[in-house]
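Chains as they are written, first to last, in our numbering: chain G, 1 to 378; chain Z, 1001 to 1511.
We treat Cβ as the ideally placed atom computed from N, Cα and C, and that holds for glycine.
Note that the structure is a prediction, hence the values are computed from the model and not measured.
The structure appears below as structure tokens.
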């Protein structure tokens, strides 16, 4: 009697898997998985070999093997035929890029503004730090007022500095901060109005939002700089920076309204009904129930529109305000530092500054999104 | 207060606590405030205008402009009217927008797919591109392209010469100017008719296949024939190109002709696949040689030939090892026939009518190029900047659209036995498009709006010509700004109307 299903010899052990760890296996999996993958990899490597050395040579200073003139160098080095980026020019004009025409002996005022801002915004961005409400009020309400008096002067014996002399990174930061601080409340009101059941209010809000969203920012800025003086009573002069701020605020509040509307629409109806059933008035239910939840949802969206706003501030250079881009542009025709790579170095520097700010904000927004994602989304 | 009221049997509410009446009161108050605000603005404006002795009205549109525009699509000079300046600006805006949209879509889709590539290097490359480009202001990028790149191009005398008599210098890009004669019109008509016919043929043949399971016999036979002709033409091209790399090939003058005939014959047999491999390898070799010698001109010639040959071998290996299982249900449509129709019919008409399409080749004269078509650097910079910037955003839309298609869809398609290409073409992409199209449309709109930044580098588009020069000359701020904003508003509302229509059309019908 025999059982055909009884195993009488062991199965040969299978060969050990070919190298599944280590760099070679990694390369095989990620770079050379299929013939077409290998082809693409080879082409990409050829492209990198072609592109990287010249770029590195252009931006790296000479002590790192490149052709660029390091900060502190002299202009004659930059004028050499073989010279790369002229970082010496950037370091020499750095204060112009940061403060514009702000008087040099008053630099402590913008510096204090920067320091205060950093001191207030860092704890605001870290969720674990307590006193969020006080912190927010300080940053969004008190800080702008202090900044204005610090920079503008005329009080406490500080010498007045007209806004025409403000410039550089300082103005870029001012415009984007004021833009976001003013447009958050306006945007929230517009979003609520758009969701409202009252037809006239809803129509007005929709018209306002759609008008500003439809036109390019540059036309809004032109409008603000040309038409705002016309709209004001005779004899009023509107400060040039203020005109740009009004334009930027109108524009970004329309975009922010749409972001907030997304948050309002994402809330389940039950929240609205629960608020009503508690007998809360419209404003109370919005303030205590709806907005805290809706705004929490759209923090990444708000940060994203802040990034867009930050990039868009560069457009104020078209209406003649000396923001970072405009100072770089103006300095690039500076004869004292004229060299073949002067303009391109300036753009590289401005690009890096904008990139660092925007990239940091977008990372923050992604991190916040992950943090707020409670995992039970629709 | 509310608690006490509840105790009273019929809740008596004052009329101003009735939500309906309260809503009406709120609205009247808000509307009144808005009207009062507008009236205040209008009153101030009227007073300001009166004080400055300015008139209002659109009569200025019919006055002569007295300025010239550097780049126009319609005739325009100093004696033209302001409304013509408006049209010039609008057309220039639309021109840049259309060109930018075409290029940005192509680049964006490639990058979006590349970001999801399983090839680490390619995915990383696309990620770096997107993260760098979208975090730098567009205006800065435009300045970079215009002032740092195009303005730094060599002077006219030292122009870069690209193939096909294209020259690049400080004054932009100079390309040969096409000089069509009257008969070309019929060639264009024939091309349009052929395109419509080819599409109709594809639609009809696909319908027949859906119904019967087979393409119509005439189409199948025609495709084989067309495939042979296409193989002949492409084979001729490939062998001629190979001649530029391997001198021995170009030594025998009739080799391309014979080779192409062999390839055409081969395509009718079951070994047609190897013919395609040969063509692909030959073209890959020639292109790789051209690129490598352009990129690494300082290397010895032998190294470049060897490198190009290696890349060509890679192409051959890729094609030979590619998935040769039959594609889904008899494969996709045999494209050779419609392609042949679209190419051959206009060519035939071209030959029959004796039409001629000459090109005016730009010639370097003493100070500048004579002849040719000059693309001004402002336009080149604007198109390049807009394309590169918008492509980064489109790439993100494409990536999230593809990721939105659930993995189960891909797995279901695999379990039906569809191979990679068919999975993408028939299952993933149609579903991803539903997610991609709405943000894509708004990117197109953004690109159109962003083209207004051309004003900053001197490209004569709407904002530059109309809100800039015209406003400065006439001083009609309100009218000019209103017209400009109206144009953008119209563009935007049209786009969102399209988007709503599309969304309603493709919305998932769920049970």
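Measure the CB-CB distance between residue i and residue j and report whether it falls below 8 Å.
{"i": "residue 1284 of chain Z", "j": "residue 1311 of chain Z", "result": "yes"}
{"i": "residue 1071 of chain Z", "j": "residue 1379 of chain Z", "result": "yes"}
{"i": "residue 298 of chain G", "j": "residue 187 of chain G", "result": "no"}
{"i": "residue 248 of chain G", "j": "residue 172 of chain G", "result": "no"}
{"i": "residue 106 of chain G", "j": "residue 161 of chain G", "result": "yes"}
{"i": "residue 44 of chain G", "j": "residue 1290 of chain Z", "result": "no"}
{"i": "residue 69 of chain G", "j": "residue 88 of chain G", "result": "yes"}
{"i": "residue 1390 of chain Z", "j": "residue 1100 of chain Z", "result": "yes"}
{"i": "residue 1137 of chain Z", "j": "residue 311 of chain G", "result": "yes"}
{"i": "residue 1372 of chain Z", "j": "residue 1174 of chain Z", "result": "yes"}
{"i": "residue 969 of chain Z", "j": "residue 1387 of chain Z", "result": "The structure shown does not extend to residue 969 of chain Z, since chain Z spans only 1001 to 1511, so no value can be given for it."}
{"i": "residue 181 of chain G", "j": "residue 257 of chain G", "result": "no"}
{"i": "residue 1493 of chain Z", "j": "residue 1448 of chain Z", "result": "no"}
{"i": "residue 117 of chain G", "j": "residue 143 of chain G", "result": "yes"}
Since residue i meets chain Z, which of its residues come closer than 9 Å, beta carbon to beta carbon?
{"i": "residue 311 of chain G", "result": "1134, 1135, 1136, 1137, 1138, 1139, 1140"}
{"i": "residue 404 of chain G", "result": "In the structure as shown, chain G starts at 1 and stops at 378, and residue 404 of chain G therefore has no counterpart that could be examined."}
Could you tell me which chain G residues have their CB closer than 8 Å to the CB of residue i, listed as they occur along the chain?
{"i": "residue 1097 of chain Z", "result": "Neighbours of residue 1097 of chain Z on chain G: none; closest Cβ ~12 Å, over 8 Å."}
{"i": "residue 1314 of chain Z", "result": "35, 38, 39, 42"}
For a contact defined as C-beta to C-beta under 9 Å, what are the partners of residue i on chain G?
{"i": "residue 1321 of chain Z", "result": "34, 35, 36"}
{"i": "residue 1481 of chain Z", "result": "219, 222, 223, 226, 227"}
{"i": "residue 1270 of chain Z", "result": "Those within 9 Å of residue 1270 of chain Z in chain G number zero; the least Cβ separation is about 23 Å."}
{"i": "residue 1106 of chain Z", "result": "Chain G residues near residue 1106 of chain Z: none, gap ~18 Å exceeds 9 Å."}
{"i": "residue 1492 of chain Z", "result": "210, 213, 214, 215"}
{"i": "residue 1118 of chain Z", "result": "29, 30, 33, 34, 37"}
{"i": "residue 1488 of chain Z", "result": "214, 215, 216, 219"}
{"i": "residue 1311 of chain Z", "result": "39, 42, 43, 46"}
What residues of chain Z sit near residue i, judged by a beta carbon separation below 8 Å?
{"i": "residue 347 of chain G", "result": "1140, 1143, 1144, 1147, 1148"}
{"i": "residue 233 of chain G", "result": "1044, 1047"}
{"i": "residue 50 of chain G", "result": "1295, 1296"}
{"i": "residue 156 of chain G", "result": "The contacting residues do not exist; residue 156 of chain G stays about 35 Å from chain Z at best."}
Given residue i, which residues of its chain have a CB within under 7 Å of its CB, disregarding the five upstream and five downstream residues?
{"i": "residue 1501 of chain Z", "result": "none"}
{"i": "residue 1349 of chain Z", "result": "1186, 1187, 1190"}
{"i": "residue 1120 of chain Z", "result": "none"}
Less than 6 Å between C-beta atoms, sequence neighbours within five positions excluded: which residues of the same chain meet that for residue i?
{"i": "residue 1329 of chain Z", "result": "Confidence at residue 1329 of chain Z is low in this model, with a pLDDT of 46, below 50, so the placement of that residue should be treated as unreliable; the coordinate-derived value is given next. So no residue of the chain qualifies."}
{"i": "residue 1146 of chain Z", "result": "1381, 1457"}
{"i": "residue 359 of chain G", "result": "none"}
{"i": "residue 1337 of chain Z", "result": "1222, 1223, 1226"}
{"i": "residue 1114 of chain Z", "result": "1122, 1126"}
{"i": "residue 1093 of chain Z", "result": "1451, 1461, 1462"}
{"i": "residue 367 of chain G", "result": "none"}
{"i": "residue 1066 of chain Z", "result": "1078"}
Give the interface partners of residue i over in chain Z, defined as CB-CB distance under 7 Å, in chain order.
{"i": "residue 314 of chain G", "result": "1137, 1139, 1140"}
{"i": "residue 200 of chain G", "result": "1027, 1030, 1031"}
{"i": "residue 289 of chain G", "result": "Here the premise fails: no neighbours, minimum Cβ distance about 17 Å."}
{"i": "residue 358 of chain G", "result": "1135"}
{"i": "residue 350 of chain G", "result": "1140"}
Taking Cβ-Cβ distances shorter than 7 Å, what residues in chain G pair up with residue i?
{"i": "residue 1452 of chain Z", "result": "216, 218, 219"}
Check whether chain B comes within 8 Å of residue i, counting only Cβ atoms and requiring the distance to be less than that.
{"i": "residue 1125 of chain Z", "result": "The structure shown contains no chain B; its protein chains are G and Z."}
Spatial neighbours of residue i within its chain, please: CB distance less than 8 Å, with the 5 preceding and 5 following residues excluded, ordered by chain position.
{"i": "residue 315 of chain G", "result": "217, 218, 221"}
| said: With three or more beta-carbon pairs closer than 8 Å as the criterion, would you say the segment 1219-1226 of chain Z touches the segment 1358-1365 of chain Z? | reply: no
- Enumerate, from N- to C-terminal direction, the unbroken beta strand (DSSP E) stretches of 3 or more residues contained entirely within the segment 1159-1218 of chain Z. 1160-1162, 1166-1169, 1172-1175, 1177-1180
- Message: Taking contact to mean 3 or more Cβ pairs, one atom from each stretch, closer than 8 Å, check whether the segment 1389-1409 of chain Z and the segment 1428-1447 of chain Z are in contact.
- Response: yes
- Task: Could you pull out every unbroken alpha helix (DSSP H) segment of at least 4 residues lying fully inside the segment 137-197 of chain G, listed in chain order?
- Result: Listed in chain order, the complete alpha helix (DSSP H) runs (minimum 4 residues) inside the segment 137-197 of chain G are 143-152, 168-195.
* Can you list the beta strand (DSSP E) stretches of 3 or more residues lying completely in the segment 1359-1422 of chain Z, in chain order? -> Qualifying beta strand (DSSP E) stretches, in chain order: 1373-1375.
- Task: Would you mind listing the alpha helix (DSSP H) stretches within the segment 266-349 of chain G that are 4+ residues and don't spill past its ends, in chain order?
- Result: 269-277, 282-285, 291-297, 299-312, 324-331
- Continuous beta strand (DSSP E) assignments of at least 3 residues falling wholly in the segment 1264-1325 of chain Z: none
**Q.** Segments of 4+ residues assigned as alpha helix (DSSP H) that fall wholly inside the segment 92-122 of chain G
**A.** 94-99
| message | Suppose only complete runs of 3+ residues qualify. What are the beta strand (DSSP E) ranges in the segment 1442-1471 of chain Z, listed by chain order? | response | none
Worksheet item: In chain order, which continuous runs of the beta strand (DSSP E) of length 3 or greater are located wholly inside the segment 27-104 of chain G?
Response: none
Problem - Segment contact flag, the segment 291-306 of chain G with the segment 237-251 of chain G, C-beta cutoff 8 Å, min 3 pairs - result: no
- prompt: Using 8 Å as the threshold, is the segment 1232-1248 of chain Z in touch with the segment 1196-1208 of chain Z, meaning 3 or more CB pairs across them?
  reply: By the Cβ rule, the segment 1232-1248 of chain Z does not count as touching the segment 1196-1208 of chain Z, because fewer than three pairs are nearer than 8 Å.
Item to check | Contact between the segment 67-81 of chain G and the segment 130-143 of chain G (3+ Cβ pairs under 8 Å) | outcome: Proximity of the segment 67-81 of chain G to the segment 130-143 of chain G falls short of the contact definition, fewer than three beta-carbon pairs being nearer than 8 Å.
field: alpha helix (DSSP H) runs wholly inside the segment 1038-1085 of chain Z, at least 4 long, in chain order
entry: The qualifying runs do not exist here; there are none.
Does the segment 1053-1062 of chain Z come close enough to the segment 1409-1425 of chain Z to have 3 or more Cβ pairs within less than 8 Å?
-> no
### Query
When the Cβ atoms of the segment 1238-1248 of chain Z are set against those of the segment 1266-1283 of chain Z, are three or more pairs found closer than 8 Å?
The segment 1238-1248 of chain Z vs the segment 1266-1283 of chain Z: in contact.
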